[in-house]
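Novice: Right, I'll just put the structure down here and ask away after.
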Amino acid sequence: MWDRLKPNSWIFGLTRQPGFCHDSILRNSSPNEPWEVASQPVGGLNTRGSQKCRPWFCPSSISATLTDPASKLVTGEFKTTSLNFHGTKERIKKMFYKIELSVSSYDTAWVAMVPSPDCPETPCFPECTKWILENQLGDGSWSLPHRHPLLVKDALSSTLACILALKRWGIGEEQINKGLRFIELNSASVTDNEQYKPIGFDIIFPGMIEYAKDLDLNLPLKPTDINSMLHRRALELTSGGGKNLEGRRAYLAYVSEGIGKLQDWEMTMKYQRKNGSLFNSPSTTAAAFIHIQDAECLHYIHSLLQKFGNAVPTIYPLDIYARLSMVDDLERLGIDRHFRKEIKVVLDETYRFWLQGEEDIFFDNATCALAFRILRLNGYDVSLDALNQFSEDHFSNSLGGYLKDSGAALELYRALQLSYPDESLLEKQNSWTSYFLKQGLSNASLCGDRLRKNINREVHDALNFPDHADLQRLAIRRRIKHYATDDTRILKTSYRCSTIGNQDFLKLAVEDFNICQSIQREELKQIGRWVVERRLDKLKFARQKEAYCYFSAAATLFAPELSDARMSWAKNGVLTTVVDDFFDVGGSEEELVNLIQLIERWDVNGSADFCSEKVEIIYSAIHSTISEIGDKSFGWQGRDVKSHVIKIWLDLLKSMLTEAQWSSNKSVPTLDEYMATAHVSFALGPIVLPALYFVGPKLSEEVAGHPELLNLYKVMSTCGRLLNDWRSFKRESEEGKLNAVSLYMIHSGGALPEEEAIEHFKGLIDSQRRQLLQLVLQEKDSVIPRPCKDLFWNMIKILHMFYKKDDGFTSNEMMNVAKAIINEPISLDEL
Numbered sequence: 004m005w006d007r008l009k010p011n012s013w014i015f016g017l018t019r020q021p022g023f024c025h026d027s028i029l030r031n032s033s034p035n036e037p038w039e040v041a042s043q044p045v046g047g048l049n050t051r052g053s054q055k056c057r058p059w060f061c062p063s064s065i066s067a068t069l070t071d072p073a074s075k076l077v078t079g080e081f082k083t084t085s086l087n088f089h090g091t092k093e094r095i096k097k098m099f100y101k102i103e104l105s106v107s108s109y110d111t112a113w114v115a116m117v118p119s120p121d122c123p124e125t126p127c128f129p130e131c132t133k134w135i136l137e138n139q140l141g142d143g144s145w146s147l148p149h150r151h152p153l154l155v156k157d158a159l160s161s162t163l164a165c166i167l168a169l170k171r172w173g174i175g176e177e178q179i180n181k182g183l184r185f186i187e188l189n190s191a192s193v194t195d196n197e198q199y200k201p202i203g204f205d206i207i208f209p210g211m212i213e214y215a216k217d218l219d220l221n222l223p224l225k226p227t228d229i230n231s232m233l234h235r236r237a238l239e240l241t242s243g244g245g246k247n248l249e250g251r252r253a254y255l256a257y258v259s260e261g262i263g264k265l266q267d268w269e270m271t272m273k274y275q276r277k278n279g280s281l282f283n284s285p286s287t288t289a290a291a292f293i294h295i296q297d298a299e300c301l302h303y304i305h306s307l308l309q310k311f312g313n314a315v316p317t318i319y320p321l322d323i324y325a326r327l328s329m330v331d332d333l334e335r336l337g338i339d340r341h342f343r344k345e346i347k348v349v350l351d352e353t354y355r356f357w358l359q360g361e362e363d364i365f366f367d368n369a370t371c372a373l374a375f376r377i378l379r380l381n382g383y384d385v386s387l388d389a390l391n392q393f394s395e396d397h398f399s400n401s402l403g404g405y406l407k408d409s410g411a412a413l414e415l416y417r418a419l420q421l422s423y424p425d426e427s428l429l430e431k432q433n434s435w436t437s438y439f440l441k442q443g444l445s446n447a448s449l450c451g452d453r454l455r456k457n458i459n460r461e462v463h464d465a466l467n468f469p470d471h472a473d474l475q476r477l478a479i480r481r482r483i484k485h486y487a488t489d490d491t492r493i494l495k496t497s498y499r500c501s502t503i504g505n506q507d508f509l510k511l512a513v514e515d516f517n518i519c520q521s522i523q524r525e526e527l528k529q530i531g532r533w534v535v536e537r538r539l540d541k542l543k544f545a546r547q548k549e550a551y552c553y554f555s556a557a558a559t560l561f562a563p564e565l566s567d568a569r570m571s572w573a574k575n576g577v578l579t580t581v582v583d584d585f586f587d588v589g590g591s592e593e594e595l596v597n598l599i600q601l602i603e604r605w606d607v608n609g610s611a612d613f614c615s616e617k618v619e620i621i622y623s624a625i626h627s628t629i630s631e632i633g634d635k636s637f638g639w640q641g642r643d644v645k646s647h648v649i650k651i652w653l654d655l656l657k658s659m660l661t662e663a664q665w666s667s668n669k670s671v672p673t674l675d676e677y678m679a680t681a682h683v684s685f686a687l688g689p690i691v692l693p694a695l696y697f698v699g700p701k702l703s704e705e706v707a708g709h710p711e712l713l714n715l716y717k718v719m720s721t722c723g724r725l726l727n728d729w730r731s732f733k734r735e736s737e738e739g740k741l742n743a744v745s746l747y748m749i750h751s752g753g754a755l756p757e758e759e760a761i762e763h764f765k766g767l768i769d770s771q772r773r774q775l776l777q778l779v780l781q782e783k784d785s786v787i788p789r790p791c792k793d794l795f796w797n798m799i800k801i802l803h804m805f806y807k808k809d810d811g812f813t814s815n816e817m818m819n820v821a822k823a824i825i826n827e828p829i830s831l832d833e834l
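Heads up, the sequence shown is in this note's numbering, so the first residue is 4 and it goes up one at a time.
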């Protein structure tokens, strides 16, 4: 293991005062203690964007207590962990108040090389040279402590830069010699293709070798290796950019310190940002001032040192991207509900920047795509025009395209999954980003600002688990399993950010997942007992799918306080499955009509009213479940919603009777007639609509019957029915059953090929899904609370997963997924 750090080395900064946000870099407390912040990922390739320093208002820390319904369920084994859970939440809340970036010895060295404008023979920033003298690692290098074994080239580059800074001012002979010894011992890594190469290494490192010659500094490198590197540098400097001419220009400007006197500085200064920096890079900005003495460059460097003291990070500012990434992590780990107030502050501020056209967002592919996705997912009105600028041609002719930045392409791909029906231009971009990522994954050429294993894993998951077909709880479990807390980011040098990829995020996510799971296991047992108590297991014609039904609820409504919503969802799911089988194969027409009449009458006096035991069992189960929902609704809504739930069930039963009569009479309805009935008979109404009363918001009778809610239900049900009919078309055709696909072919005159009909319905499904997404996400003129609208989208995600390959109710794979969500805890020690 690498030597422990010296006092006040590598990590430093300003703490935040309550109510205000200041970016900071952490400080190591003791030379005998390891750095307390794990290697953390941060940002996409941000070298194009100007991360202009902005004050970021944050609220005072809010005390987190388990006072919601979930706390009442955290008992037994979880009592011993509640204090740890609370403490972890508090630590995370404090992270919203600051961004912590690791020190860059590489960039600090370039700042240290800046001469004083008044006395060129002395350093402008002697505090930086002092920092270099005091912060050499025990092995003689200057680099991140506990660095990844594949980052030796990075350590060599940083070490050489620090040596040059000391040599430039004629100080630190002992440190120089130790650094040269490190370079000598690790010189083989310079030409090792297995080692990860920082951006611009083939230009910057040879450029520093030439600078060393100017300083009469002999480097312990083989002449053949030096000649090879200089030759490679010459080729890279003289080769053309092909179609990516602008991307090449930006790249050469970004690595200006490696070009030195040969650089076209007039061209380079075109990339100067409002804060005076070039690419928000201290090293590039310092090199520019060394060569052309631009006052704004010097102002930027001064501002960094005023903020951070005697050393600098490798990129600054990074606040917008880092905070959005933090929000993204919390959401994808399933713990964002613990930080709603803090997240709201971040999103409101980001949206304000978005409306202002802030260059921090719009000049960088990854930041813009991430902001678009997070803002749109959270109901903010953001235009697709922001992503239209990142067309394939634009990306290819940008710095990110020149560097084949997979991280930026991945963010664009994720953002494009949220396109609405009228955003067809995004479809073209979705196509090229998907191809770009698939090609990179297949030929192992993915690259960017992180280690290849981590980007490979993220790309694989994004391509194989699209958001609309990925259950939230399953995605959370996968994210936890794949979460990288050792993911160092790499630009011209490696860096870390404590607020992204944080160990506390992972710890809280695991604890939260297991707490929710323990509650769900007990609820599943309750469902099993309920099935037996209501004698549903005696109905041999009916599929016994209580595990599936409960799984579909737990996979999306996972918060402990949503127990009533889960139980309503699951019980009604079991009942709709029973009723579907009853109307399909288990009951006569007399029994079907009898059941409807009984529900219409509601209160039945005796067994004489039932024409069969099957009717009695089904009616009793429906009656007791609706009554239970009515009783529980008082606690949530302050009123009885039983009459509404009865109507929902009657609508379903009558639509099923209509279809049963069509089948009995061998009727062939028109497609419109069929869909008017079939979207109701698909039986999502009793599952989704009653659950709306148990997710938090109070729904008046007016809102519960509002056209917006009815439209949400219709679009969801139509999409689900079409998805079912597409997947079951061949099976149902063999059984002589009609569905939307077969009716479409029949009413086309029989001349329409099966393949064309299926493609037509796949297009309809996609359109309906995107329409539902728009209805759920858009808040303008909406009267339905977002927690309620989310249930409609949750159901569509469930259906897309269930029907991903075939009828999900017959899939063994789905049962394995259910076990992973409900029965298999996650061990933090095994991650």
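We put the CB at the ideal spot given by N, CA and C, even for glycine.
Find the nearest neighbour of V348 within the set A115, F204, Q359 and L378, judged by alpha-carbon distance.
Specialist: In the sequence shown, counting from the first residue as 1, residue 348 sits at position 345. V348 has its Cα closest to that of L378, out of A115, F204, Q359 and L378.
Novice: Within 10 Å of its beta-carbon, does P689 have 16 or more other beta-carbons around it, so buried, or fewer, so exposed?
Specialist: Within the sequence shown, the letter at position 686 stands for residue 689. Buried is the call here.
Novice: Leaving out five residues on either side along the sequence, give the residues of the same chain with a beta carbon under 8 Å from the beta carbon of L240.
Specialist: For the purposes of this step, residue 240 is taken as the residue at position 237 of the sequence shown. Cβ neighbours of L240 beyond the five flanking positions: I206, L255, I262 and L265.
Novice: Of the residues Y214, I483 and I229, which one's Cα is nearest the Cα of L333?
Specialist: As a first step, residue 333 must be located in the sequence shown, where it is residue number 330. From the listed residues Y214, I483 and I229, the smallest Cα separation to L333 is found for I483.
Novice: Q275 by DSSP, collapsed to three states: which one?
Specialist: Position 272 of the sequence shown, counted from the start, is the residue given in the question as residue 275. Note: Q275 maps to strand in three-state DSSP.
Novice: On the three-pair Cβ rule with 8 Å, is the stretch 783 to 801 touching the stretch 698 to 711?
Specialist: The stretch 783 to 801 vs the stretch 698 to 711: in contact.
Novice: Should K839 go down as buried or exposed, given a rule of 16 or more other Cβ atoms within 10 Å for buried?
Specialist: No statement about residue 839 is possible, as the shown extent of the chain runs from 4 to 834 and does not include it.
Novice: Could you tell me if C61 is buried or exposed, where buried requires 16 or more neighbouring beta carbons within 10 angstroms of its beta carbon?
Specialist: Position 58 of the sequence shown, counted from the start, is the residue given in the question as residue 61. Here the model assigns C61 a pLDDT of 27, short of 50, so the residue's position is not dependable, and the following value carries that caveat. Result: buried.
Novice: Less than 8 Å between the beta carbons of E130 and L308, yes or no?
Specialist: Start at 1 with the first residue of the sequence shown, and residue 130 comes out as number 127. Start at 1 with the first residue of the sequence shown, and residue 308 comes out as number 305. Yes, they are a contact pair.
Novice: What residues in its chain sit with their C-beta under 7 Å from that of L598, if we drop five residues either side in the sequence?
Specialist: Mapped onto the sequence shown, residue 598 falls at position 595. In its chain, beyond the 5 residues on either side, V618, I621, Y622 and L656 have a beta carbon closer than 7 Å to the beta carbon of L598.
Novice: On the DSSP bridge assignment, give the partners of Y498 in chain order.
Specialist: On the sequence shown, position 495 is the one that residue 498 refers to. BP columns for Y498 point to R492.
Novice: Taking Cβ to Cβ, would you say A465 is nearer than 8 Å to R524?
Specialist: Here residue 465 refers to the residue found at position 462 of the sequence shown. Here residue 524 refers to the residue found at position 521 of the sequence shown. Result no, Cβ atoms of A465 and R524 do not sit closer than 8 Å.
Novice: Spatial neighbours of G633 within its chain, please: CB distance less than 8 Å, with the 5 preceding and 5 following residues excluded, ordered by chain position.
Specialist: One-based indexing of the sequence shown puts residue 633 at position 630. Closer than 8 Å at the Cβ level, and outside the excluded window around G633, lie D643, V644, K645 and V648.
Novice: Identify every residue that forms a DSSP beta bridge with L222.
Specialist: Here the question's residue 222 lines up with position 219 in the sequence shown. L222 is not bridged to any residue.
Novice: Does C450 come out as helix, strand or coil in the three-state DSSP assignment?
Specialist: Within the sequence shown, numbered from 1, the residue matching residue 450 stands at position 447. Looking at C450 - three-state DSSP - the assignment turns out to be strand.
Novice: Taking a contact to mean a Cβ-Cβ separation below 8 Å, would you say N714 touches D728 in this structure?
Specialist: Sequence index remark: in the sequence shown, residue 714 carries index 711 (1-based). Sequence index remark: in the sequence shown, residue 728 carries index 725 (1-based). No, the pair does not count as a contact, with Cβ atoms beyond the cut-off.
Novice: By Cβ distance below 7 Å, which residues in the same chain neighbour N313 in space, the five residues on each side in sequence not counted?
Specialist: Residue numbering aside, residue 313 sits at position 310 when the sequence shown is read from its first letter. Once the five neighbours on either side are set aside, the close Cβ partners of N313 are E130, C131, K133 and W134.
Novice: Below 8 Å on the Cβ atoms is my contact criterion, and I expect A478 with G504 to pass it. Report the Cβ-Cβ distance as a whole number of Å.
Specialist: Within the sequence shown, the letter at position 475 stands for residue 478. Within the sequence shown, the letter at position 501 stands for residue 504. Contact flag wrong, Cβ pair sits at about 17 Å.
Novice: Would Q392 be called buried (16 or more neighbouring beta carbons within 10 Å of its own) or exposed?
Specialist: As a working note, residue 392 is residue 389 in the sequence shown. With fewer than 16 Cβ atoms within 10 Å of its Cβ, Q392 is classed as exposed.
Novice: What are the boundary residues of the alpha helix (DSSP H) that C722 is part of?
Specialist: Counting from one through the sequence shown, the residue named residue 722 turns up at place 719. Residues P710 to E737.
Novice: Check this for me: beta carbons of F685 and G723, under 8 Å apart or not?
Specialist: Counting from 1 along the sequence shown, the entry for residue 685 is found at position 682. Counting from 1 along the sequence shown, the entry for residue 723 is found at position 720. Against a cut-off of 8 Å, the Cβ pair of G723 and F685 comes out as a contact.
Novice: Under a Cβ-count criterion, where at least 16 other Cβ atoms within 10 Å of its own Cβ denotes burial, should L238 be classed as buried or exposed?
Specialist: Within the sequence shown, numbered from 1, the residue matching residue 238 stands at position 235. Answer is exposed; the Cβ neighbour count stays below 16.
Novice: Using only the alpha-carbon positions, how far apart do G243 and R251 sit?
Specialist: Along the sequence shown, one-based indexing puts residue 243 at 240. Along the sequence shown, one-based indexing puts residue 251 at 248. Cα to Cα, the separation comes out at about 8 Å.
Novice: Am I right that I651 and I625 are in contact with their C-beta atoms under 8 Å? What's the rounded C-beta distance?
Specialist: Locating residue 651 in the sequence shown gives position 648, counting from the first residue. Locating residue 625 in the sequence shown gives position 622, counting from the first residue. So it is not a contact: roughly 11 Å between Cβ atoms.
Novice: Let me know if R773 comes out buried or exposed under the rule of 16 or more other beta-carbons within 10 Å of its beta-carbon.
Specialist: Counting from 1 along the sequence shown, the entry for residue 773 is found at position 770. Buried: at least 16 other Cβ atoms inside 10 Å.
Novice: Jot down the residue ranges of each uninterrupted alpha helix (DSSP H) in the stretch 122 to 157, minimum 4 residues, whole runs only, in chain order.
Specialist: 129 to 137
Novice: Give the DSSP bridge partners of D267, in chain order.
Specialist: For this step, residue 267 is matched to residue 264 along the sequence shown. For D267, which the question treats as bridged, DSSP gives no partner whatsoever.
Novice: Report the option in K574, S630, V596 and L560 whose CA atom is closest to the CA atom of I825.
Specialist: Reading the sequence shown from its first residue, position 822 is the one you call residue 825. For I825, the nearest C-alpha among the options comes from L560.
Novice: Where P672 and M748 are concerned, what is the direct C-alpha to C-alpha distance, given to the nearest angstrom?
Specialist: Within the sequence shown, numbered from 1, the residue matching residue 672 stands at position 669. Within the sequence shown, numbered from 1, the residue matching residue 748 stands at position 745. C-alpha of P672 to C-alpha of M748: approximately 13 Å in a straight line.
Novice: Would the beta-carbon of T491 fall within 8 Å of that of L147?
Specialist: In the sequence shown, the residue the question calls residue 491 occupies position 488. In the sequence shown, the residue the question calls residue 147 occupies position 144. Result yes, Cβ atoms of T491 and L147 sit closer than 8 Å.
Novice: Checking 8 Å against the spacing of the C-beta atoms, do T370 and D157 come in under that value?
Specialist: To locate residue 370, count along the sequence shown from 1; it is residue 367. To locate residue 157, count along the sequence shown from 1; it is residue 154. Against a cut-off of 8 Å, the Cβ pair of D157 and T370 comes out as no contact.
Novice: Do R376 and L421 have their beta-carbon atoms positioned less than 8 Å apart in this structure?
Specialist: Here residue 421 refers to the residue found at position 418 of the sequence shown. Here residue 376 refers to the residue found at position 373 of the sequence shown. Contact flag set, yes.
Novice: For L578, is the classification buried or exposed, using 16 other Cβ atoms within 10 angstroms of its Cβ as the cut-off for buried?
Specialist: As a working note, residue 578 is residue 575 in the sequence shown. Flag for L578 reads buried.
Novice: Quick one, are the C-beta atoms of S555 and G576 less than 8 Å apart?
Specialist: In the sequence shown, residue 555 corresponds to position 552, counting from 1. In the sequence shown, residue 576 corresponds to position 573, counting from 1. Cβ distance < 8 Å, so S555 and G576 count as in contact.
Novice: Compute the Euclidean distance between the alpha carbons of Y383 and P469, then round it to the nearest angstrom.
Specialist: Counting from one through the sequence shown, the residue named residue 383 turns up at place 380. Counting from one through the sequence shown, the residue named residue 469 turns up at place 466. Approximately 22 Å between the Cα atoms of the pair.
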